[in-house]
Amino acid sequence: MTKNFAHDTKHRRTNITTSRGALNGYQKSRCFYCFKEISISSADELLADVDHFFPHLLKPEVANAGCCRPVNVDGVWNLVLSCSECNRGESGKFAQVPSIELLNRLHTRNEYLIGSHHPLRETLIMQTGSNERDRKYFLDKSYRFSKERLIHSWQPKAQGISTF
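Counted from 1, the sequence shown has number 62 at position 63 by numbering that gives the first Met the number 0; the numbering is strictly sequential.
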C-alpha cells in the first residue's frame, strides 16, 4: 500500500545569512549577546551566525499566534549576529528565549535602525509597527508568547566591551 505524505514547506528554514552585512553596521563586529568579536567574512574563523532572537522552532506556532500583526520569524526584526558559542555552543541559546535585558537591546537596535533612516527602516516598520509604542507592544507580546511555550530564558556573560 502506498501512502501519500504532504510536506509542510511553509515552515522550512530560509537562508538568512545574506543579512549579515546590514546587521553588522549596527553591531560593529560584536556578538549581539556577549559582545565577543565576530566577522562577516566567510573565510574568517570568527564568522558570525545569523541567529533568530526568538527561536526558529516557534515559526509554525508564531505564524498563527494572533499577535497584533502577522509575525515573520525570519524577518530582520528578529535577526541578530551571534558568535557561534552563543548561538550553538555548549552554553548557547538554542531553543531558549533571551532575557528581558536582551529583548530591550533588540528594541533599542530596531529603533536605532529606524531612526537613522537605515535601508532596513521601512522593512522594520512593516514587520513591527508604525510607531515606537506599537513596536514595543509587538516585541513584548512576542516575548510573552515565546516564554509561555519555551519557558526558559537565557543570557550569556559579557565577553567583550559593549559597542551598542
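All residues carry an ideal CB built from backbone N, CA and C; glycine is no exception. Computed from a prediction, not measured in an experiment: that's the story for all the values here.
query                                                                                                                                               : result
Rounded to the nearest angstrom, how far is the Cβ of Phe34 from that of Ile113, given a contact under 8 Å?                                         : In fact, because the Cβ distance is near 23 Å, the residues do not count as touching under 8 Å.
Look up Val75 in the DSSP assignment and say whether it is helix, strand or coil.                                                                   : helix
Does DSSP classify Glu36 as helix, strand or coil?                                                                                                  : strand
Can you list, in chain order, the residues of its chain whose CB lies under 7 Å from that of Asn14, leaving out five sequence neighbours each side? : none
Give me the residue from Leu57, Ser28, Pro54 with the minimum Cα distance to Asp43.                                                                 : Ser28
Pick helix, strand or coil for Pro97, following the three-state DSSP scheme.                                                                        : strand
With DSSP as the reference, identify every bridge partner of Leu46, one or two as the case may be.                                                  : Ser38
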